[in-house]
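*Asks:*
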Amino acid sequence: DKGGHKHFMAKEIAEQPSVLTNALGYYIQDGKIMLPDPGLDFAQIDHLTMVACGTAFYACLVAKYWFEQIARLPVEIDVASEFRYREPPIPKGTAALFVSQSGETADTLAALRYCQGKVDKIVSVVNVPESSIARESDLPLPILAGIEIGVASTKAFTCQLTVLAILAIKAAQDRGHMNPDEVAEALEQVKSVPGLMSHALALGERTKAVSRKLAEARDILFLGRGPMYALAHEGALKLKEISYIHAEAYASGELKHGPIALVDKHVPVIVMAPRDALFEKTISNMQEVMARGGKVLLITDKQGAKEAGPGVWDTILMPEVAPFVAPILYAIPAQLLAYHTAVAKGTDVDQPRNLAKSVTVE
Ligand code: F6R
Numbered sequence: 057d058k059g060g061h062k063h064f065m066a067k068e069i070a071e072q073p074s075v076l077t078n079a080l081g082y083y084i085q086d087g088k089i090m091l092p093d094p095g096l097d098f099a100q101i102d103h104l105t106m107v108a109c110g111t112a113f114y115a116c117l118v119a120k121y122w123f124e125q126i127a128r129l130p131v132e133i134d135v136a137s138e139f140r141y142r143e144p145p146i147p148k149g150t151a152a153l154f155v156s157q158s159g160e161t162a163d164t165l166a167a168l169r170y171c172q173g174k175v176d177k178i179v180s181v182v183n184v185p186e187s188s189i190a191r192e193s194d195l196p197l198p199i200l201a202g203i204e205i206g207v208a209s210t211k212a213f214t215c216q217l218t219v220l221a222i223l224a225i226k227a228a229q230d231r232g233h234m235n236p237d238e239v240a241e242a243l244e245q246v247k248s249v250p251g252l253m254s255h256a257l258a259l260g261e262r263t264k265a266v267s268r269k270l271a272e273a274r275d276i277l278f279l280g281r282g283p284m285y286a287l288a289h290e291g292a293l294k295l296k297e298i299s300y301i302h303a304e305a306y307a308s309g310e311l312k313h314g315p316i317a318l319v320d321k322h323v324p325v326i327v328m329a330p331r332d333a334l335f336e337k338t339i340s341n342m343q344e345v346m347a348r349g350g351k352v353l354l355i356t357d358k359q360g361a362k363e364a365g366p367g368v369w370d371t372i373l374m375p376e377v378a379p380f381v382a383p384i385l386y387a388i389p390a391q392l393l394a395y396h397t398a399v400a401k402g403t404d405v406d407q408p409r410n411l412a413k414s415v416t417v418e
């Protein structure tokens, strides 16, 4: 049942404020972070290794910035197909964390099994509680997104991010990097996301208009810095899997080390720029793109658009948001642009060619 939507993907995008609210209610009770038994004390570990595939891997990439910045916890991340055969040495005091919507991804499961007996704790962030990955973990953490049918992951991604943000706050608390007031403030920021998402979802018509232009492109670049670099990857992945347009993500600062050679008037460059600590740096990279004739689509808030100045090809105006949780909110325009571009091209949004929802063979 698509609930009145044209595609499951559209339904699942629209469901995000409500499923996120479920996840928040499960993990935050009376202003305190609650984990299911046996819980996890981040003061007891010195390293975190996070492993996943695809969109779930990009959730890990966002979380790496969070854990390192607010909890000063060193994080190693890898895609599961590399991790499992790399057979990395695991330092003492490591917790391993696996992120998987289905809980059945063959490479992620193999990576988990590699860690058994080598790490202090195996944690998983999963959507399907009875899945193999959940069952073989010491601490399976549900994301409570409900069944996801569209092959392109949407609500699972933002629920994964929400659970990982709460875990990062817990890590900061356990490791003495946040006092109770700071914990409370960070949790309030996470709790503000569903409301802001409802506003961002109202951008549907706006993203539809932009997407009609994007649908003409052969190549599209996505740029971001910090956690928005991870979102750039997620935007590019969503776009290529359902619209079949070639899309690449780069860390904004890497542009001048090669990819700027691709920029010309035919290549839209999507710049994901919430007003965080790196905003000005991202905008200066954006101006380098414009100076070379690139067509910039800027995703930022009203003040950000003002500070960025004139000359952009198009702008998507987002609600103002605390920088910490901006990566969760900015998933919405990434998803909507991919969705509407695919619809404009007439591709099969829910069942893109060559892809399966659950990748149970390597
Ligand atoms: C992208 C997508 C895939 C999955 C990946 C991992 O939209 O859906 O990249 O994220 O195959 O799947 P899970 O999370 O089930 O392990």
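For what it's worth, the numbering used here labels the leading residue of the sequence shown as 57, then goes sequentially. Beta carbons are placed, not taken as given, at the ideal position from N, Cα and C, and that holds for glycine.
Span of the beta strand (DSSP E) holding L200?
*Replies:* L200 -> no beta strand (DSSP E), and no H or E assigned at all.
*Asks:* Spatial neighbours of E132 within its chain, please: CB distance less than 6 Å, with the 5 preceding and 5 following residues excluded, ordered by chain position.
*Replies:* T105, listed in sequence order.
*Asks:* Look up P196 in the DSSP assignment and say whether it is helix, strand or coil.
*Replies:* The answer is strand: DSSP assigns P196 an E or B state.
*Asks:* Between the alpha carbons of Q85 and E272, how many angstroms are there, rounded?
*Replies:* Roughly 48 Å between the two C-alpha positions.
*Asks:* Alpha carbon to alpha carbon, how far is K120 from L277?
*Replies:* Approximately 23 Å, taken between the alpha carbons.
*Asks:* Can you tell me whether L293 sits near the ligand F6R, meaning its C-beta is under 7 Å from at least one heavy atom of the ligand?
*Replies:* Yes.
*Asks:* Measure the alpha-carbon distance for E418 versus Q407 and round it to whole angstroms.
*Replies:* Between E418 and Q407, the C-alpha separation is close to 20 Å.
*Asks:* Taking A305 and H322 to be in contact with their CB atoms under 8 Å, please state how far apart those CB atoms are, rounded to whole angstroms.
*Replies:* A305 to H322, Cβ: 18 Å. No contact.
*Asks:* From T161 to W122, what distance separates their C-alpha atoms?
*Replies:* Those two C-alpha atoms are separated by around 25 Å.
*Asks:* I'd like to confirm the pairing. Which residues does DSSP put opposite L277 in its beta bridges?
*Replies:* Paired residues: E304 and V325.
*Asks:* Could you give the residue range of the alpha helix (DSSP H) that holds M346?
*Replies:* Start and end: F335 to A347.
*Asks:* Cβ of T150 versus every heavy atom of the ligand ZN: is any distance shorter than 7 Å?
*Replies:* Among the ligands in the structure shown, the ligand ZN does not appear; only the ligand F6R can be found there.
*Asks:* What span of residues does the beta strand (DSSP E) with I355 cover, start to end?
*Replies:* Looking at the DSSP string, the run of the beta strand (DSSP E) that includes I355 is K351 to D357.
*Asks:* Do G291 and S308 have their C-beta atoms within less than 8 Å of each other?
*Replies:* Result no, Cβ atoms of G291 and S308 do not sit closer than 8 Å.
*Asks:* According to the neighbour-count rule (16 or more other Cβ atoms, all chains shown, within 10 Å of its Cβ), is Y386 buried or exposed?
*Replies:* With 16 or more Cβ atoms within 10 Å of its Cβ, Y386 is classed as buried.
*Asks:* Could you check what DSSP says for P238 in three-state terms: helix, strand or coil?
*Replies:* Checking the sequence, you will find Glu at residue 238 rather than Pro. E238: helix per DSSP, three-state reduction.
*Asks:* Could you give the C-beta distance for I197 and V179, rounded to a whole number, given that I count them as a contact under 8 Å?
*Replies:* Here residue 197 turns out to be Leu, not Ile, going by the sequence shown. So it is a contact: roughly 7 Å between Cβ atoms.
*Asks:* Are there three or more Cβ pairs, one per stretch, closer than 8 Å when the region 318-334 is compared with the region 248-257?
*Replies:* Too few Cβ pairs lie closer than 8 Å, so no.
*Asks:* Contact criterion: CB-CB distance below 8 Å. Does C116 meet it with respect to chain C?
*Replies:* Any reference to chain C falls outside this structure, which holds one protein chain only.
*Asks:* State the beta-bridge partners of I69 as determined by DSSP.
*Replies:* Per DSSP, none; premise fails for I69.
*Asks:* Give a single yes or no on whether A108 has its beta carbon closer than 7 Å to a heavy atom of the ligand F6R.
*Replies:* A108: yes, Cβ under 7 Å from the ligand F6R.
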